[in-house]
Amino acid sequence: AADARAAPVIGMLLLIGISAAGISSASTFLSLIGFSVVNDILPEAESDRKKLASSRWAMLAVSLVVLALAYLNPPQIFLIMYFGGTVIAGAWSLVAFGSVWSRRLSRCGAYLGMLLGFLGCVGAKAIYALRGITPPVWADAFFIGIVLSILGAVIGSALRPPTQAEQLARERLFDAPTGPDEAAACRKDRRLWRVYLVFGLCVGLFFLFFYAIPYSRAL
Numbered sequence: 001a002a003d004a005r006a007a008p009v010i011g012m013l014l015l016i017g018i019s020a021a022g023i024s025s026a027s028t029f030l031s032l033i034g035f036s037v038v039n040d041i042l043p044e045a046e047s048d049r050k051k052l053a054s055s056r057w058a059m060l061a062v063s064l065v066v067l068a069l070a071y072l073n074p075p076q077i078f079l080i081m082y083f084g085g086t087v088i089a090g091a092w093s094l095v096a097f098g099s100v101w102s103r104r105l106s107r108c109g110a111y112l113g114m115l116l117g118f119l120g121c122v123g124a125k126a127i128y129a130l131r132g133i134t135p136p137v138w139a140d141a142f143f144i145g146i147v148l149s150i151l152g153a154v155i156g157s158a159l160r161p162p163t164q165a166e167q168l169a170r171e172r173l174f175d176a177p178t179g180p181d182e183a184a185a186c187r188k189d190r191r192l193w194r195v196y197l198v199f200g201l202c203v204g205l206f207f208l209f210f211y212a213i214p215y216s217r218a219l
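This is the structure we're talking about:
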């Protein structure tokens with residue numbers, strides 16, 4: 001009897017957690033879209049008020065498009081989410097990491113890396129879907145996008161190296177605060193990123209050995 005009463009509670013908690021995770025991911029992706037529209041597409045002469053309004057309109061437009069797709073074809077909601085996550089990770093993740101930690105990545109390299117990563121992911125997904133191809137794990141659209149993103153970043157940065165203004169902007173990211181409270185918080189952050197790095201590597205290895213490799217062997 002106790003197990004019967006606990007089952008609905010556990011199920012409710014699981015659904016709440018899944019819903020919260022989905023809403024969090026959706027809001028994060030929408031904020032990235034609004035940020036990209038404001039900082040990469042709109043002219044820099046726009047005022048902050050206009051940029052904020054444009055960002056919100058872009059997020060609303062994308063939300064309505066996704067809502068329409070989910071309503072018209074409900075069984076494909078998961079595929080839409082998976083496709084969007086793959087494209088963003090393949091096109092943006094390397095550039096996001098390199099723009100902070102690489103001294104050689106230029107604006108041209110970042111743009112070309114995102115462009116080729118996007119085209120690689122979308123192109124591979126389209127070819128696989130139209131031809132009914134089930135690729136091996138190593139040929140997934142995500143990995144194709146990552147490889148093309150690396151090539152684009154390297155080629156673009158070689159053609160147009162970082163300017164002095166770009167180098168100064170990157171160095172300002174590492175300016176440490178001078179106050180005692182801020183310095184203590186900064187030291188805490190430096191310790192935490194190492195923990196997050198180890199945790200991320202462990203999670204990646206876990207999915208590699210317990211999901212990707214067994215899945216590829218089962219195909």
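Residue numbers 1 to 219, in the UniProt record's numbering, belong to the letters of the sequence shown in order.
Glycine is no exception: its CB is placed at the ideal position from the N, C-alpha and C atoms.
Quick check on the burial criterion: 16 or more other C-beta atoms within 10 angstroms. Buried or exposed for residue i?
{"i": "TRP92", "result": "buried"}
{"i": "VAL38", "result": "buried"}
{"i": "PRO162", "result": "buried"}
Cβ of residue i within 9 Å of Cβ of residue j?
{"i": "VAL95", "j": "GLY120", "result": "no"}
{"i": "ILE88", "j": "PHE29", "result": "yes"}
{"i": "PRO135", "j": "ALA126", "result": "no"}
{"i": "ALA153", "j": "GLY200", "result": "no"}
{"i": "SER47", "j": "GLY34", "result": "no"}
{"i": "VAL100", "j": "ARG170", "result": "yes"}
{"i": "ILE155", "j": "LEU112", "result": "yes"}
{"i": "SER25", "j": "GLY98", "result": "no"}
{"i": "ARG217", "j": "GLU166", "result": "no"}
{"i": "LYS42", "j": "LYS50", "result": "Going by the sequence as given, residue 42 is Leu instead of Lys. A contact, by the Cβ cut-off of 9 Å."}
{"i": "ALA184", "j": "ALA176", "result": "no"}
Give every residue of the same chain whose Cβ lies closer than 7 Å to the Cβ of residue i, excluding the five residues on either side of it in the sequence, and list them in chain order.
{"i": "LEU151", "result": "LEU116"}
{"i": "SER31", "result": "none"}
From this set, the options, which residue's C-alpha is nearest residue i's C-alpha?
{"i": "TYR215", "options": "GLN164, PRO43, TRP138", "result": "TRP138"}
{"i": "GLY145", "options": "GLY90, ARG190, PHE97, VAL198", "result": "GLY90"}
{"i": "SER157", "options": "ARG104, LEU197, CYS202, TYR196", "result": "ARG104"}
Can you give me the Cβ contacts of residue i inside the same chain, cut-off strictly under 6 Å, excluding the 5 residues immediately before and after it?
{"i": "ALA70", "result": "ILE77"}
{"i": "LEU148", "result": "LEU116, GLY117, GLY120"}
{"i": "LEU52", "result": "none"}
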